[in-house]
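One structure is given here, and the rest of the page talks about it.
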Amino acid sequence: MFSVGRSAAVAALLLAAAVSGCATKPTSTPEGAFGELQGAFAKGDYGAVYDLKSTASQKAFADDIQKKAEEMKDIPPFARQALGFDLAELAKLPPRDAFKRMQEGVKGSAKLGTAMTGKEAEQSVQFAGATVKKSDVKGDAAVLTVIDNGAEKTLDLVREQGVWKFTTPLAPRVGK
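Residue 27 is where the sequence shown starts when you use the working numbering, and the numbers rise one by one after that.
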């Protein structure tokens, strides 16, 4: 049913799709991963931010949420909402969803255990306008030095299955 010309065109399209799939991923470099992180924050895509966390960092986040929820279980719900989210409720969600909800709460929150305004809190977490100053890669580990709001900050990354992931917490710390 296919003519030779049509078959050749289909084959060319399949080849083009396969080759384009082999293009370098933005997360194939630490700098690219940082750009993806900034883009995900800018879009409010906190699921993508979570996906840029290393496996160990995701586990540490999940463990921390469970621990903090247990510590706060006797605190009335209205008081637990002071940060813009309720850790006891977050602990019931899958970690990726808890991270997303926490970030959404932080974005609108004026309190993070400090005197930061909501906008300052958002910028401190999201690296809005930050630039990469230096990248130091050693095997499957890297340290990015970024300039964020005039301050130099370091971000640790690891390479997992060819993709750079952040080990540095990408959410404000809750409590001590």
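Ideal Cβ placement from N, Cα and C applies to all residues, glycine included. None of the values given here were measured: they were computed from a predicted structure.
Practice prompt. Identify which residue in Ile101, Ala86, Gln92 has its Cα closest to the Cα of Lys118.
Written response: The residue you call residue 118 lines up with position 92 of the sequence shown. Nearest of Ile101, Ala86, Gln92 to Lys118, Cα basis: Gln92.
Worksheet item: If you follow the beta strand (DSSP E) that Ser83 is part of, which residue opens it and which one closes it?
Response: One-based indexing of the sequence shown puts residue 83 at position 57. That residue, Ser83, is in no beta strand (DSSP E); its alpha helix (DSSP H) goes 81-97.
Worksheet item: How is Leu78 classed by DSSP in three states: helix, strand or coil?
Response: The residue labelled residue 78 in the question sits at position 52 within the sequence shown. Here Leu78 sits in coil by DSSP.
Worksheet entry | Strand pairing of Lys164, partner residues [DSSP] | Position 138 of the sequence shown holds residue 164. Paired residue(s): Ala167.
Worksheet item: Can you tell me whether DSSP reads Asp123 as helix, strand or coil?
Response: Your numbering for residue 123 matches position 97 in the sequence shown. DSSP places Asp123 in helix when its eight states are reduced to three.
Fill in: Residue range of the alpha helix (DSSP H) that includes Ala66
As a first step, residue 66 must be located in the sequence shown, where it is residue number 40. For Ala66, the enclosing alpha helix (DSSP H) stretches over residues 56-69.
Discussion item. For Ala68, count the other beta carbons within 10 Å of its own beta carbon; 16 or more makes it buried, fewer makes it exposed. Which is it?
Written reply: Here residue 68 is taken as the residue at index 42 of the sequence shown, counted from 1. With fewer than 16 Cβ atoms within 10 Å of its Cβ, Ala68 is classed as exposed.
Item to complete: Would you kindly check if the distance between the Cβ of Ala95 and the Cβ of Pro121 is under 7 Å?
Response: As a working note, residue 121 is residue 95 in the sequence shown. As a working note, residue 95 is residue 69 in the sequence shown. No. Outside cutoff.
Worksheet item: Nearest-angstrom Cα distance between Ala168 and Leu113?
Response: Along the sequence shown, one-based indexing puts residue 168 at 142. Along the sequence shown, one-based indexing puts residue 113 at 87. Going from the Cα of Ala168 to the Cα of Leu113 covers about 31 Å.
Item to complete: Name the one or two DSSP bridge partners that Asp182 has.
Response: Within the sequence shown, residue 182 is the residue found at index 156, counting from 1. Paired residues: Val169.
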